[in-house]
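2 protein chains.
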Amino acid sequence: MLSEFDLIKEYFQRPRHPVRASLGIGDDCALLTPGAGMQTAISSDMLVEGRHFFAGEDAYRLGHKSLAVNLSDLAAMGARPVGFTLALALPAAERSWLDGFSRGLFDLADAFNIELIGGDTTKGPLTICITVFGELAPDSALRRSAAQVDDDLWISGTLGDARLALAGYRHEVALDAASLQAAAVRMHLPVPRVELGMLLAQQRIAHAAIDISDGLVGDLGHILAQSGVGATLDVDALPAGAVLATRETALRRAYTAAGGDDYELCFTAPASARSAILAAAASVATPVSRVGRIDAASGLRLCDASGAPLDLALQGFDHFTS
Amino acid sequence: MLSEFDLIKEYFQRPRHPVRASLGIGDDCALLTPGAGMQTAISSDMLVEGRHFFAGEDAYRLGHKSLAVNLSDLAAMGARPVGFTLALALPAAERSWLDGFSRGLFDLADAFNIELIGGDTTKGPLTICITVFGELAPDSALRRSAAQVDDDLWISGTLGDARLALAGYRHEVALDAASLQAAAVRMHLPVPRVELGMLLAQQRIAHAAIDISDGLVGDLGHILAQSGVGATLDVDALPAGAVLATRETALRRAYTAAGGDDYELCFTAPASARSAILAAAASVATPVSRVGRIDAASGLRLCDASGAPLDLALQGFDHFTS
Chain F
55 MLSEFDLIKE
65 YFQRPRHPVR
75 ASLGIGDDCA
85 LLTPGAGMQT
95 AISSDMLVEG
105 RHFFAGEDAY
115 RLGHKSLAVN
125 LSDLAAMGAR
135 PVGFTLALAL
145 PAAERSWLDG
155 FSRGLFDLAD
165 AFNIELIGGD
175 TTKGPLTICI
185 TVFGELAPDS
195 ALRRSAAQVD
205 DDLWISGTLG
215 DARLALAGYR
225 HEVALDAASL
235 QAAAVRMHLP
245 VPRVELGMLL
255 AQQRIAHAAI
265 DISDGLVGDL
275 GHILAQSGVG
285 ATLDVDALPA
295 GAVLATRETA
305 LRRAYTAAGG
315 DDYELCFTAP
325 ASARSAILAA
335 AASVATPVSR
345 VGRIDAASGL
355 RLCDASGAPL
365 DLALQGFDHF
375 TS
Chain A
55 MLSEFDLIKE
65 YFQRPRHPVR
75 ASLGIGDDCA
85 LLTPGAGMQT
95 AISSDMLVEG
105 RHFFAGEDAY
115 RLGHKSLAVN
125 LSDLAAMGAR
135 PVGFTLALAL
145 PAAERSWLDG
155 FSRGLFDLAD
165 AFNIELIGGD
175 TTKGPLTICI
185 TVFGELAPDS
195 ALRRSAAQVD
205 DDLWISGTLG
215 DARLALAGYR
225 HEVALDAASL
235 QAAAVRMHLP
245 VPRVELGMLL
255 AQQRIAHAAI
265 DISDGLVGDL
275 GHILAQSGVG
285 ATLDVDALPA
295 GAVLATRETA
305 LRRAYTAAGG
315 DDYELCFTAP
325 ASARSAILAA
335 AASVATPVSR
345 VGRIDAASGL
355 RLCDASGAPL
365 DLALQGFDHF
375 TS
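Chain order of the listed sequences is F and A.
Quick note: the numbering used here has the first sequence finishing at residue 376, numbered continuously throughout.
Quick note: the numbering used here has the second sequence finishing at residue 376, numbered continuously throughout.
Structure below.
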């Protein structure tokens, strides 16, 4: 039987990358040497089987997604990813699962040149807790509290296909197999907008940012609350995912505005930064869309393409009330 | 019903401490500003109900222990604790549980003047993942790989009472109620040896160190393997916990040498450092005992008080094979 230490050695210990970790897996702590004068950005997410992913989820995709959702938090801060820890509870140490999971994890880690620097493994209900570390220059972080009145409201990429796939799996929405498969890529293999977030912070062209994980309306609500502002959102300007874009207006509005699992960035920036934002986004091949503006009046106002108010019954996802 | 955001606000968000966290709970990431030229030590532990603690465990004790086991890893590195993140999966958001857990957590955090800087909450089987951050001067870390031949082998505090309490709960060993209660304090409310670890590192008087969580023999084995050395351990010199000390020799030997859940430090240091170590330990009111020595010959030799070899069938705890 695979022991805890063999498991770590075989699947999670790799030759050292030339990054900022002076000491990785195998001691009581990892040691990280921050760049001179840099701040460390830290985010921690826990994924629970049956809650954040289906029982029996493909291990490769799960490895990818577990790291991706954490990198998305770094992206929303504008930090450069450096490394991460992994705490893993597993019902059993199964080689095929470990092989897939570790490949999914490290393929994404390699894409961003970051290192697994430590963690923990234990027996238990399948639960994945990743804590990710990034660095950024002091005062460059994209904070939720930094939105200003008259800022434009921007969204990266497209929204709603992950939610559409979930609806397809749950048979809440009829989807043919090809459409489900296409939409499900967004659910299973989200790509964190790390490069865009870094540029927005480094070039100091954005004010506030958040990553969209619980649905745009709910997540944008955190920016509004923490910045003490309101916003008007053109729901019909929201960029729908390729599959969702083919569906009826009501579904498109609902899933772009409050789908969840999108892992796109929502950010605010002054109108004077429009061309700089478009250039930055183009330089990292990330589409961005202007979808509204920040208002002095508190609250979020939804409107359609003509500017008429929309009254959608939407809410963000809450783990304890839903 | 208590929402995820209310839960965080009510139980885990506190007025900012004047520590190194520039931005705590409530944004996509926490921001930590390391001291100039300092390294960051990072450790992550996951505690699963039914595995690391009994179902129905008292919430206050669980809050304490969850943080204590992580601080013990910082202690074993010699790092000064700075802050931590908490990822928490809970079957339900129960106020009485959250109140007890957060009090246990913050009472210990306050004792070390550290701050909860971020995390995650979700519904799921009760699972607690804490990632803790400390800082230390470059090249001062107490590494597992640093033991040298002829080093003394030292243990802080006492060993085995936590294991004795577990045996009492499991009815493997007959314990009267008072003894069980006394021993159980070590199981439920371990005190991480942070001050001792920091002194050993800062004064550069110890070579290698590890914290004893899976049983001394198993944990010491990591030092030996990573340092490429062996050791001779005087099992009868191992300091037994107050309750275990009253029990028969065989039980005392087994539970001091391979009990687990001790959260004491095992460290090595040259004989020339003996008086400095005793002075450092006395200055932080932490007993230390010299229990063996590091040898060039690989392997761990156990002996009794007379120096005669002991053949105990011991093994460290492994989460996937036990």
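Ideal Cβ positions, reconstructed from N, Cα and C, are used throughout, including at glycine.
Just to confirm before moving on: does the CB-CB distance between residue i and residue j stay below 8 Å?
i, j, result
"S98 (chain F)", "G104 (chain A)", "no"
"L213 (chain F)", "E318 (chain F)", "yes"
"L18 (chain A)", "G251 (chain A)", "The first residue shown for chain A is 55 and the last is 376, placing residue 18 (chain A) beyond what the model contains."
"G295 (chain A)", "A237 (chain A)", "yes"
"A200 (chain F)", "H261 (chain F)", "yes"
"L270 (chain A)", "G346 (chain A)", "no"
"P135 (chain F)", "I168 (chain F)", "yes"
"D215 (chain F)", "L274 (chain F)", "no"
"A133 (chain F)", "A95 (chain F)", "yes"
"P293 (chain F)", "G211 (chain F)", "yes"
"A327 (chain A)", "I264 (chain A)", "no"
"L366 (chain F)", "A308 (chain F)", "yes"
"P179 (chain A)", "P179 (chain F)", "yes"
"L254 (chain A)", "A334 (chain A)", "yes"
"L61 (chain A)", "A163 (chain A)", "no"
"A311 (chain A)", "L356 (chain A)", "yes"
"L101 (chain A)", "F107 (chain A)", "yes"
"L30 (chain F)", "R149 (chain F)", "The structure shown does not extend to residue 30 (chain F), since chain F is modelled only from 55 to 376, so the question has no answer here."
"F166 (chain A)", "V248 (chain A)", "yes"
Could you tell me the boundaries of the beta strand (DSSP E) in which residue i lies?
i, result
"S337 (chain F)", "S337 (chain F) -> not in any beta strand (DSSP E); alpha helix (DSSP H) instead, spanning R328 to S337."
"Q93 (chain A)", "Q93 to V102"
"L170 (chain F)", "E169 to K177"
"A5 (chain F)", "An answer regarding residue 5 (chain F) cannot be provided, because it is not within the stretch 55 to 376 covered by chain F."
"D349 (chain F)", "V342 to D349"
"G353 (chain A)", "G353 to C357"
"S210 (chain A)", "D206 to S210"
"L86 (chain F)", "A84 to L86"
"A279 (chain F)", "Run containing A279 (chain F): none in the beta strand (DSSP E); it sits in the alpha helix (DSSP H), L270 to S281."
Which residue comes first and which comes last in the alpha helix (DSSP H) that contains residue i?
i, result
"L190 (chain A)", "Premise fails: L190 (chain A) lies in the beta strand (DSSP E), T181 to L190, not in any alpha helix (DSSP H)."
"E148 (chain F)", "That residue, E148 (chain F), is in no alpha helix (DSSP H); it is neither H nor E in DSSP."
"G313 (chain A)", "Premise fails: G313 (chain A) is in no alpha helix (DSSP H) and is neither H nor E."
"D265 (chain F)", "Note, D265 (chain F): premise wrong, no alpha helix (DSSP H); beta strand (DSSP E) at A263 to I266."
"F59 (chain A)", "E58 to L61"
When you compare each of the options to residue i by their alpha carbons, which one comes out closest?
i, options, result
"D161 (chain A)", "A:F66, A:A299 and A:L292", "A:F66"
"I171 (chain F)", "F:W208, F:T185 and F:M92", "F:T185"
"N124 (chain A)", "A:A228, A:D205 and A:I266", "A:I266"
"Q235 (chain F)", "F:G222, F:P246 and F:P244", "F:G222"
"L144 (chain F)", "F:Q257, F:T175, F:A325 and F:D315", "F:T175"
"L128 (chain F)", "A:A291, A:D81, A:A333 and A:A279", "A:D81"
"C83 (chain A)", "F:R258, F:A291, F:G353 and F:M131", "F:M131"
"L32 (chain A)", "F:D193, F:D204 and F:I209", "There is no way to answer for residue 32 (chain A), as the model of chain A reaches only from 55 to 376."
"D290 (chain F)", "F:L253, F:A359, F:A333 and F:S281", "F:A359"
"V203 (chain F)", "F:S352, F:A362 and F:D365", "F:S352"
"D349 (chain A)", "A:P363, A:G284 and A:W208", "A:G284"
"S343 (chain F)", "F:C320, F:R247 and F:L356", "F:C320"
"A304 (chain F)", "F:L218, F:L61, F:H106 and F:G137", "F:L218"
"R198 (chain A)", "A:S126, A:L243, A:H276 and A:Q257", "A:H276"
"S281 (chain F)", "F:D205, F:A90 and F:R240", "F:D205"
"P341 (chain F)", "F:A279, F:L56, F:E58 and F:W208", "F:W208"
"L229 (chain F)", "F:D268, F:K177 and F:T300", "F:T300"
"P246 (chain A)", "A:K63, A:D316, A:A231 and A:Q256", "A:D316"
"R306 (chain A)", "A:L243, A:V227, A:T139 and A:P363", "A:V227"
"D112 (chain F)", "F:A231, F:V239 and F:E58", "F:V239"
Query raised in the report: Quick check: the region 152-172 of chain A against the region 102-120 of chain A, are there 3 or more CB pairs under 8 Å?
Result: yes
Report task. Scan the region 89-120 of chain F for residues whose Cβ lies nearer than 9 Å to a Cβ of chain A and list them as they occur along the chain. Result -> If the cut-off is 9 Å between Cβ atoms, the region 89-120 of chain F has A90, G91, M92, Q93, T94, A95, I96, S97, S98, D99, M100, L101, V102, E103, G104, R105 and H106 near chain A.
Query raised in the report: For the region 221-247 of chain A, which residues have a beta carbon sitting closer than 8 Å to at least one beta carbon of chain F?
Result: none
Query - the region 127-138 of chain A: positions lying closer than 9 Å to chain F by Cβ - result: D127, L128, A129, A130, M131, A133 and G137
Report task. Could you run through the region 150-183 of chain A and flag, in chain order, every residue whose CB is less than 8 Å away from some CB of chain F? Result -> I171, G172, G173, D174, T175, T176, K177, G178, P179, T181 and C183
Report task. Could you list the residues in the region 273-289 of chain F with a C-beta less than 9 Å from some C-beta on chain A, going in chain order? Result -> H276 and Q280
Report task. Compile a chain-ordered list of the residues in the region 346-366 of chain A whose CB is closer than 9 Å to at least one CB of chain F. Result -> Those residues of the region 346-366 of chain A placed with their C-beta closer than 9 Å to a C-beta in chain F do not exist.
Query raised in the report: When Cβ atoms are compared, which residues of the region 246-267 of chain A fall closer than 7 Å to chain F?
Result: I264 and D265
Requested in this report: Check distances from the C-beta atoms of the region 197-208 of chain F to those of chain A and list, in chain order, the residues that come in under 8 Å.
Outcome: For the region 197-208 of chain F, the set of residues with a beta-carbon nearer than 8 Å to any beta-carbon of chain A comprises R197, R198 and S199, in chain order.
Query raised in the report: Which residues, in order along the region 313-338 of chain F, keep a beta-carbon less than 8 Å from a beta-carbon of chain A?
Result: Cβ contacts with chain A: none found.
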